[in-house]
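These protein sequence lines are chains V and Z, in that order.
Numbered per my numbering, the first sequence spans residues 1 to 280.
Numbered per my numbering, the second sequence spans residues 1001 to 1336.
Glycine is no exception: its CB is placed at the ideal position from the N, C-alpha and C atoms.
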Amino acid sequence: MAFEKIKKFISRKKQIPGDLWTQCPGCSKTLFKREVEDRKKVCPDCQYHFTLTPLERIDQLLDPGSWTELWADLESVDALKFEGDVSYLKKLASAMKETGQKDACLVGTGKIEGHELVFGQTDSRFMMGSMGSVVGEKVARGFELATEKKLPLVFVSGSGGGARMFEGCLSLMQMAKTSAAIARHAEAGGLFISILTNPTMGGVMASFAALGDVILAEPRALIGFAGPRVIEQTIKQSLPKGFQTSEFLLAHGFIDRVVDRSCLRVELAKLLDYLVPCSA
Amino acid sequence: MGDTSVDRDFEKPILEIEKRIEELEAFSQKAGVDLSSEIEKLRARANEQKREIFARLNAWQRVLLARDPNRPDSTDYLTLVFEDFLELHGDRAVGDDGAMLTGLCRVGGFRVMLVAQRKGKSTKERVACNFGSPHPEGYRKAMEKMRLAEKFRIPVVTLVNTPGAYPGIGAEERGQAFIIAKNLLEMSRLRTPILSVVIGEGGSGGALGICVADRLMILQNAYLSVISPEGCAAILWRDASKAPQAAELLRLTPNELKELGVVDDILPEPLGGAHRNPKEMGDTLKAALVRALDEAVALPLDQLLEKRYEKYRRIGYFLESEQRRLVASGAPPGGP
């Protein structure tokens, strides 16, 4: 096929033209961009799940036109006056420019197969999806809204950064704040479905991401408390293959299902059908 | 996270005078010479030095003090502050974690459930306590005992002293993140008062896993941080030896934490640090706990829980709306 020939030709070249072709971080194969996009950004060869932008995620999961973002104006503050080699404010500014968002978290309302719900996600491209005051506040508000309106909440986590270092203990305390809001939602009988994507670590994993009534994960996502490098340095040995992956967590009983992106919306709809108390 | 026991240059002037006092005392006894006025003068000078040096400790110096192996640990406070301790071990699932000490005891007429991180004193003890870094079973044990306390309306007192929850293979296999998250959720709604005191190191999620509380107190030379100064330095500069600079950036000292609205009270330490007078430290801690217990048990439970929720709900700094209104849990920062 001509398609395959072009692929072969392109992979021989060192430079990959960015607009048509992309390289899979999973298997290093050169892929036709449109083909990847048609497959919900999953590699057709190795099933590697590419990082989605928040809007791509919304497109994939929510009913068309149902999404309304809330509290989009919340903006981070450099309360600590954190001046490393690059200041926190500069880091924020460049992340904002890169993503067009004010922080690493989007929360709003939407529908999945007609089920009304509160939907949220962290954006792992914005300062590694780390949780500072803004992320904590939005997550807490999301759960409070869901409690008030008696709605289920679906949250897609992706955070290599965990608690955001640049906000010190203010970040640490967001773990307690979000968990407390989830406790109230749970007590009121609310359903929380937590979806873990690559990577979900540290303070995000050790708070709201771990507290779903049902916890799903995309295949081969890195999920855990301590980062692999920290563990290796502590125990002074290399880690077993597949350590801290979705499949590892499934085997150890901490998550409910590993779900390929192509099935995620269908599975969510099914769970909502089963678990949302019907008013009829 | 390593052991930085005696590498504390800033205390040298004090140590030198203290050594001199010891020498003079020994000499005066041996030779039968009265040197008491000399010794008194030196004592006064030592105290002056302590006052001066400890009044302007920087963040890293406080971290070093917080980690001092001679600093009173939970086991010291068992006798200095509490009475009649009855240890209860079981996590009802996996095993007994030496880094987490739990049991019933009394303080100033109150029955309390003590949940305390423990580092240990001797090398043997420190190994048995995993140097104060709990595994998931430690956090599960803490929650089991807090539930027991809730059932009988016994207030919970937690003492925080950990470099962090253990980062190891077993800890991940047994769900370190999941167990800490569960503790945060359950403590936020536990139907009995919870008081927490950071007595030494407050290492990130591993500390928070037992200190979601109605009142969070911290000793003057203790710290609470989202990441270890070494870890922060490694991320910022790929150089863990720049931990002193990172410690400044993280705002991890008691005064800064209070300004940010993270801790409620700072408990003063004896002159020259808790390790120089554990008895006095114990008395201060006991008085603070009894006062806070008096207050906490006087509140109707629903009100107490509402207050606890609001306390955490308010923590954070951010800007909202077109007017860029600052929402802040503590004193506003210099301004965005």
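Sequence-distant residues of the same chain with beta carbon closer than 7 Å to residue i, five excluded per side
i, result
"Val1063/Z", "Tyr1223, Pro1229, Ala1247"
"Ala1240/Z", "Glu1230, Ala1233, Ala1234"
"Val1258/Z", "A small correction: the amino acid at residue 1258/Z is Lys; Val does not occupy that position in the sequence shown. Hits under 7 Å: Ile1266."
"Ser66/V", "Gly110, Lys111"
"Gly1335/Z", "Confidence is the limiting factor: at Gly1335/Z the pLDDT is only 47, short of 50, which leaves the residue's position unreliable and the question unanswerable from this model."
"Arg1020/Z", "Leu1042"
"Gln101/V", "Asp123, Phe126"
"Thr200/V", "Ser157, Gly158, Ser159, Ala209, Ala221, Ile223"
Bounding residues of the alpha helix (DSSP H) (the contiguous stretch that carries residue i)
i, result
"Phe243/V", "Neither: Phe243/V is in no alpha helix (DSSP H) and is coded neither H nor E."
"Trp1237/Z", "1229 to 1237"
"Met1187/Z", "1176 to 1189"
"Tyr48/V", "Counting along the chain, Tyr48/V falls outside any alpha helix (DSSP H), and DSSP gives it neither H nor E."
"Trp1060/Z", "1059 to 1067"
"Met175/V", "168 to 187"
"Ala146/V", "133 to 148"
"Ala1207/Z", "1204 to 1208"
"Thr1123/Z", "1123 to 1128"
"Ser94/V", "88 to 99"
"Gly158/V", "Not the alpha helix (DSSP H): Gly158/V falls in the beta strand (DSSP E), residues 153 to 159."
"Phe1054/Z", "1036 to 1055"
"Cys263/V", "261 to 275"
Interface flag, residue i vs chain Z, CB-CB below 8 Å
i, result
"Ala226/V", "yes"
"Asp213/V", "no"
"Ser246/V", "no"
"His252/V", "yes"
"Gln174/V", "yes"
"Ile195/V", "no"
"Thr30/V", "no"
"Met165/V", "yes"
"Leu271/V", "no"
Anticipated Cβ contact below 8 Å, residue i with residue j, distance rounded
i, j, result
"Leu70/V", "Gly108/V", "5 Å"
"Ala251/V", "Ala1177/Z", "Contact flag wrong, Cβ pair sits at about 16 Å."
"Gly162/V", "Val204/V", "5 Å"
"Phe192/V", "Gly212/V", "5 Å"
"Pro1136/Z", "Arg1174/Z", "4 Å"
"Leu172/V", "Ser1133/Z", "Not quite, the Cβ-Cβ distance comes to about 17 Å (not below 8 Å), so this is no contact."
"Phe166/V", "Tyr274/V", "With a Cβ gap of about 41 Å, Phe166/V and Tyr274/V do not count as contacting."
"Phe1054/Z", "Gly1272/Z", "6 Å"
Neighbour flag for residue i against chain V, beta carbons, 8 Å
i, result
"Pro1336/Z", "Residue placement at Pro1336/Z is poorly supported in this model, since its pLDDT is 42, which falls under 50; the coordinates are not used for a value here."
"Cys1105/Z", "no"
"Pro1167/Z", "yes"
"Gly1316/Z", "yes"
"Glu1173/Z", "yes"
"Gly1138/Z", "no"
"Leu1064/Z", "no"
"Ser1225/Z", "yes"
"Phe1178/Z", "yes"
"Glu1201/Z", "no"
"Ala1181/Z", "yes"
"Trp1237/Z", "yes"
Cβ shell of residue i (< 6 Å), same chain only, five flanking positions each side left out
i, result
"Glu1060/Z", "Note on residue identity: the sequence assigns Trp, not Glu, to residue 1060/Z. Hits under 6 Å: Pro1244, Ala1247."
"His281/V", "Outside the shown range of chain V (1 to 280) lies residue 281/V, about which nothing can therefore be said."
"Ser1005/Z", "Per-residue confidence for Ser1005/Z stands at a pLDDT of 43, beneath the threshold of 50, marking its modelled position as unreliable; no derived number is given."
"Glu1320/Z", "Val1327"
"Leu80/V", "Gly168"
"Ile215/V", "Ser194, Ile255, Asp256"
"Gln174/V", "Met131, Gly136"
"His1089/Z", "Asp1096"
"Ser76/V", "Leu92, Asp103, Gly132, Val134"
"Val139/V", "Thr178, Phe208"
Same chain, Cβ closer than 8 Å to residue i, neighbours up to 5 away in sequence not counted
i, result
"Leu62/V", "Gly110, Lys111, Ile112, Phe119"
"Val1262/Z", "Leu1216, Leu1224, Ile1315, Ser1329, Gly1330"
"Ile1039/Z", "Ile1021, Leu1024, Glu1025, Ser1028"
First and last residue of the uninterrupted beta strand (DSSP E) at residue i
i, result
"Gln121/V", "115 to 122"
"Val1115/Z", "1110 to 1117"
"Ile112/V", "105 to 112"
"Arg229/V", "Element bounds for Arg229/V: not the beta strand (DSSP E) but the alpha helix (DSSP H), 228 to 235."
"Val1327/Z", "1325 to 1328"
"Glu1083/Z", "1083 to 1087"
Proximity test, residue i beta-carbon vs the ligand FMN heavy atom, cut-off 7 Å
i, result
"Lys1141/Z", "Absence of the ligand FMN is noted for the structure shown, with no ligands found whatsoever."
_Can you confirm whether the stretch 1203 to 1216 of chain Z touches the stretch 1183 to 1195 of chain Z when touching is taken to mean that 3 or more C-beta pairs between the two stretches lie within less than 8 Å?_
yes
_With three or more C-beta pairs closer than 8 Å as the rule, is the stretch 1150 to 1165 of chain Z touching the stretch 1109 to 1124 of chain Z?_
yes
*Touching or not, the stretch 1192 to 1206 of chain Z and the stretch 1070 to 1078 of chain Z, by the rule of three or more beta carbon pairs under 8 Å?*
yes
_Any contact between the stretch 1141 to 1150 of chain Z and the stretch 1214 to 1221 of chain Z? By contact I mean 3 or more CB pairs, one from each, below 8 Å._
no
_Does the stretch 228 to 242 of chain V come into contact with the stretch 177 to 186 of chain V, if we say contact requires no fewer than three beta-carbon pairs (one atom in each stretch) closer than 8 Å?_
no
_Cβ pair count under 8 Å reaching 3, the stretch 1267 to 1278 of chain Z against the stretch 1093 to 1104 of chain Z_ = no
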